[in-house]
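The next block holds one structure in the form of structure tokens; read it before the comments.
2 protein chains.
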Amino acid sequence: MEALLKTVKVDARDNVAILTRDLPKGTLVENDVLLWEDIPQSHKVALEDIPANGKIIRYHVLLGYAKTAIKKGQWINEDLLILPKAPSLNQLRPGNHVKRRDLPPLPRTTFEGYRNSKNEFAGTRNILAIHTTVQCVVGVLNVAVRKIRKEILPRYPHVDDVMVVNHAYGCGVAINAPDAKIPIRALHHLLEHPNFGGEVMVVALGCEKLRPEMMMGPELINSENLIVLQDFGGFQEMLAAICAMAEKKLTKLNERRRETLPLSQLLVGMQCGGSDAFSGVTANPSAGFASDLLVAAGATVMFSEVTEVRDGVELLADRITSAPVCDKLVSEMRWYDQYLDNGKVDRSANPTPGNKKGGLSTIVEKAMGSIAKSGTSEIVEVLSPGEIPTKHGLIYAATPASDFVCGTMQMCSGAAVQVFVTGRGTPYGLQALPVIKLCTRSDLKQHWDDIIDIDAGAILTGEKTLAEMGVDVFNYIVDVASGTKKPFTETYHIYNDVCVFNPAPIT
Amino acid sequence: MEALLKTVKVDARDNVAILTRDLPKGTLVENDVLLWEDIPQSHKVALEDIPANGKIIRYHVLLGYAKTAIKKGQWINEDLLILPKAPSLNQLRPGNHVKRRDLPPLPRTTFEGYRNSKNEFAGTRNILAIHTTVQCVVGVLNVAVRKIRKEILPRYPHVDDVMVVNHAYGCGVAINAPDAKIPIRALHHLLEHPNFGGEVMVVALGCEKLRPEMMMGPELINSENLIVLQDFGGFQEMLAAICAMAEKKLTKLNERRRETLPLSQLLVGMQCGGSDAFSGVTANPSAGFASDLLVAAGATVMFSEVTEVRDGVELLADRITSAPVCDKLVSEMRWYDQYLDNGKVDRSANPTPGNKKGGLSTIVEKAMGSIAKSGTSEIVEVLSPGEIPTKHGLIYAATPASDFVCGTMQMCSGAAVQVFVTGRGTPYGLQALPVIKLCTRSDLKQHWDDIIDIDAGAILTGEKTLAEMGVDVFNYIVDVASGTKKPFTETYHIYNDVCVFNPAPIT
């Protein structure tokens, strides 16, 4: 299906537009703009002459200043922009009133999930997770899990999977460093993930810095839930102990059944990665529309990625009405500014070569697309990385933007299903929760037909409106959460590692 | 076998000794010292009255100052010591002359290895490694490798294994941060690992920050060696491409055969983890003796772990005769001091709860044991993390002390076999190279009979001398390198993750 439009101008006041496909020099776009050169798909064309140091505006937002004079019809690639200063955090104030967009009638208000007695959020899958205090135990545990998967799991047909929560943390780390609280909190909260059904199984070594009592409540520290490898006489005994505990946990998990639950028990993560200039036009707004529908239906939706919202932080503050929530937003942004500064970089380290190839010139432009996936609802809570929500509604979880780190941290915060928006295309997936791939352009869907679940490019072709696409995404999320649909990453077992964020030193 | 001695005093000038087993209050040790209380195995007893702020000396080295007065016969646990200041780096000078200990005749000077045409070090195993530029590709690659292992590898009987070089690096990272050179260099050098036989296979995504040209020489960037997932039409095509390239590489690797090679082509890593107070008495000195034999036989031996040598840095400098090598030692120590300081910690973050349980009171005490595994040879080169040796002999590679990070970084520097000394016991192993477990105490060997390969506790019982044990360790290393012996981690496939050191920020 060919795009109806040659270019997309997001806001009437913009002085650039992006091309919906590769176009040759001499093509006429936007009525009176003649392309001065060949311009690739998703890249920007100047709609007017811009003087040196002039503002380049998209989304009615300053993407950057022109390094040299730019002619009407010229290709504006990332080399022509000077990044503006990051918005100051000193004057940030909460908004007075948040106006969520008008929504169509809610398609559904319930889903089929696994109710949890100790967690207000329900599971979308029924998984035995074997947690670890430290990387040291992983070699033994991987052997055990291969055995469990082959010989034991098949006897428990109501359990979807068994997984190792395998991480590079736990020892050889500065466990008392101020920032160590981040990975410790994340691993602690992961024990309570809604998809793990409250069955706790932890494998420790015995001499590590991350002691079991730092990860588990005292009521859990007993031989029902915790295996300390140094207490066992050799490899075969360790293997037997792990398999025996796993079988007990599987027996309990196998009794779980889905039931009809209100969407208020669903926690959805929204993430994007491998973005391009269409991200902010098609897929992220569709995800944002679905997010608004979910929130209206009572669900909780989490979005993240500090370096990708840093330049739009004022837009976020405008959608917060509580002063303490706004203060927490500021403190998370400040922490990250300082963290990058310690490493002698800043937010401009964010756009990737792929982003740039996809037409995203600066982190500002990327941010505008990224924020679109949060929709228009009020932001009711801001979480430090690895914290779990205490409120329902739209939540900002201040994690790194790295796909696999953000995904892991949203998982640690309890996301039971995730929407992953991509423009360039990544096969990223997680084992603990289903990840739905939503792409920005129809040609990516055609190219990666067995990886991309939903094609938001239909908005560009005029085939679907934003609202229609938003409803499609909403329904897909609820179907996947209910187990009636499987995204491709789940079908093919395309799972990334657990990559916990550890900003503290390795020792 | 019962220990002959109740206590071990390392140096005649020490004012403490360690217990070879749990001993009750009232036991007489070292002729005239009556234990004032029950003291556990491997913990220290005061051999004389020590006043408050008095020096506590072991290895003829200051472990710390007494927090309160300590009576002769009292148990000195870690709560009674105040850590001394780290040795200054300002006055560090190379030694004049390094006297290696007298050695018995060399048992062997050759091994059976896989010669490499482009690497002066030979392989000890024949492995197909599939490298990755970024974590994003790992989900797809893991599926492919399961297929390769099941359907393709069995047709290539001369290849030992196929592995994914799976890491959490490559994107969502500050790729231009000054410290980013560490992980990039490490992954780059890993392509040349002696056990991978010069066959390069890299899987990239296409939009990541770690671009293939940052990891591979330009002569390698072609469709023979590099698969970019975004260039393939979906998951099934990716899978087919990975399997097809793997098969070509396996065909070549399958032609490799072991041949008799001089030990100068062997690169051995020495590491310790889960140390206890015996580490510096039994296992680490045995490893050190073997290290001296290896170096005398022309081999290259690498030891590491910055925070574990920081307090003994003067001992290291004494064993360096080249001023530039000494300068590099200083600069690596300074870098690490600063790195820890940025994270608001210092070297005291090192000892683990397990170390302390094992009688190691301070990082100084741990350091003395750790350094013992380097023997007495001259240190001919100092490497930054992930660098590869340019000299033969004893080399100090300045990596973190974390077992799995140090192991990974020694692997990236080309270690083809590793000796891992342990006191508390860890099942740590690596897939790319055999890891030999050497324990400090016979009761650990009895407890973990199918994990520990060599028991250095025989030194304590008087069953073997240090020299005899050193020769045993040397012979075991050469046998494992030659493929005639397999350590337990290899027998049972106990493999830890690749945990590359990335001190730069995540974005």
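Residue numbers (the numbering used here), protein chains in the order written: chain P, 452 to 958; chain C, 452 to 958. In this text, a Cβ means the ideal position worked out from N, Cα and C, and glycines have one as well.
Residues of chain P with CB closer than 7 Å to the CB of residue i, please, in chain order.
i	result
Gly725/C	Cys658
Trp786/C	Within 7 Å Cβ-Cβ: nothing; Trp786/C doesn't reach chain P, min ~12 Å.
Val594/C	Tyr943, His944 and Ile945
Gln586/C	Phe855, Asn947, Asp948 and Cys950
Going along chain C, which residues have a C-beta under 7 Å from residue i?
i	result
Val589/P	Asn947 and Asp948
Pro629/P	Lys795
So, at 6 Å on beta carbons, what are the nonlocal neighbours of residue i in its own chain, with the 5 sequence-adjacent residues on each side left out?
i	result
Glu453/C	Bear in mind that the predicted position of Glu453/C carries a pLDDT of just 47, short of 50, making it unreliable; the figure below should be weighed with that in mind. The answer is none, since no qualifying residue turns up.
Thr519/C	Ala503
Thr877/P	Gly724 and Gly725
Ile501/C	Ala517 and Ile521
Val732/P	Val459
Tyr607/C	Leu701 and Asn705
Glu488/C	Lys476 and Trp526
Excluding the 5 residues preceding and the 5 following residue i in the sequence, name in chain order all residues of the same chain whose CB lies nearer than 7 Å to its CB.
i	result
Thr958/C	Gly623, Val624 and Ala625
Pro558/C	Val922, Phe925 and Asn926
Ser730/C	Cys723, Gly820, Val872, Gly874 and Thr891
Thr859/C	Val949, Cys950 and Val951
Ser835/P	Glu783 and Ala849
Met696/P	Met652 and Ile678
Val760/P	Leu767, Ala818, Ser821 and Ile822
With C-beta atoms as the reference, is residue i less than 9 Å away from residue j?
i	j	result
Leu474/P	Leu486/P	yes
Lys888/C	Thr912/C	no
Ser799/P	Ile822/P	no
Cys723/C	Ile603/C	no
Met721/P	Ser825/P	yes
Val496/C	Ile469/C	yes
Asn547/C	Thr772/C	yes
Ile945/C	Ile910/C	no
Gly574/C	Arg707/C	yes
Ala748/C	Leu714/C	yes
Pro804/P	Arg662/C	yes
Asp906/C	Ser893/C	yes
His640/C	Gly865/C	yes
Asp630/C	Asn947/C	no
Ala537/C	Asp762/C	yes
What span of residues does the alpha helix (DSSP H) with residue i cover, start to end?
i	result
Asn746/C	Checking the sequence shown, residue 746/C turns out to be Val, not Asn. Segment Ala734 to Ala747, the alpha helix (DSSP H) holding Val746/C.
Met689/C	Phe686 to Leu704
Gly858/P	Asp854 to Cys863
Tyr787/C	Ala774 to Asn793
Met667/P	Here Met667/P belongs to no alpha helix (DSSP H), and DSSP marks it neither H nor E.
Arg597/P	Val589 to Lys598
Ala848/C	Unbroken run through Ala848/C is the beta strand (DSSP E), Leu845 to Ala848; no alpha helix (DSSP H).
For the beta strand (DSSP E) that contains residue i, what are its first and last residues?
i	result
Arg798/C	Note, Arg798/C: premise wrong, no beta strand (DSSP E); not H, not E.
Pro713/P	Glu710 to Pro713
Phe562/P	Thr561 to Gly564
His582/P	Ile578 to Thr583
Leu514/P	Val512 to Ala517
Thr751/P	Thr751 to Phe754
Sorted by chain position, which residues of the same chain lie with C-beta nearer than 8 Å to residue i's C-beta, five sequence neighbours on each side aside?
i	result
Val651/P	His582, Leu642, Met667, Leu671 and Asn676
At a CB-CB cut-off below 8 Å, which residues of chain P make contact with residue i?
i	result
Ile957/C	Pro851, Ser853, Val856, Phe952 and Pro954
His898/C	Gly684 and Gly685
Phe939/C	Phe686
Quick one: list the residues of chain C neighbouring residue i, beta-carbon separation under 8 Å, in chain order.
i	result
Trp487/P	Under the 8 Å cutoff, chain C gives no residues; its nearest Cβ is about 27 Å from Trp487/P.
Phe729/P	Per Cβ cutoff of 8 Å: no residues; Phe729/P is ~14 Å from chain C at best.
Check: According to a CB-to-CB cut-off of less than 8 Å, which residues of the stretch 862 to 895 of chain C neighbour chain P?
Finding: Arg875, Gly876, Thr877, Pro878, Tyr879 and Gly880
Notebook entry, point to check: For the stretch 793 to 808 of chain P, which residues have a CB atom closer than 8 Å to at least one CB atom of chain C, in sequence order?
Noted result: Asn793, Gly794, Lys795, Val796, Arg798, Ala800, Asn801, Thr803, Pro804, Gly805, Asn806 and Lys808
Margin query: To be precise: take each residue of the stretch 609 to 627 of chain P, compare its Cβ to all Cβ atoms of chain C, and keep it if any distance is under 8 Å. Which residues remain?
Written below: Asn617, Ala619, Cys622, Gly623, Val624, Ala625, Ile626 and Asn627
Next item on the list: Below 8 Å between beta carbons is the criterion; list the residues of the stretch 913 to 925 of chain C that meet it against any residue of chain P, in chain order.
Entry: none
Margin query: Using a Cβ-Cβ cutoff of 8 Å, what residues of the stretch 842 to 856 of chain P are near chain C? List them in chain order.
Written below: Pro851, Ala852, Ser853, Asp854, Phe855 and Val856
Check: Can you list, in chain order, the residues of the stretch 661 to 672 of chain C whose Cβ is nearer than 7 Å to any Cβ on chain P?
Finding: Arg662
Margin query: Counting only Cβ-Cβ distances shorter than 7 Å, please list the residues of the stretch 685 to 705 of chain P near chain C, keeping chain order.
Written below: Gly685, Phe686 and Gln687
Item checked: Positions along the stretch 751 to 763 of chain P whose CB lies within less than 7 Å of some CB in chain C -> Thr758
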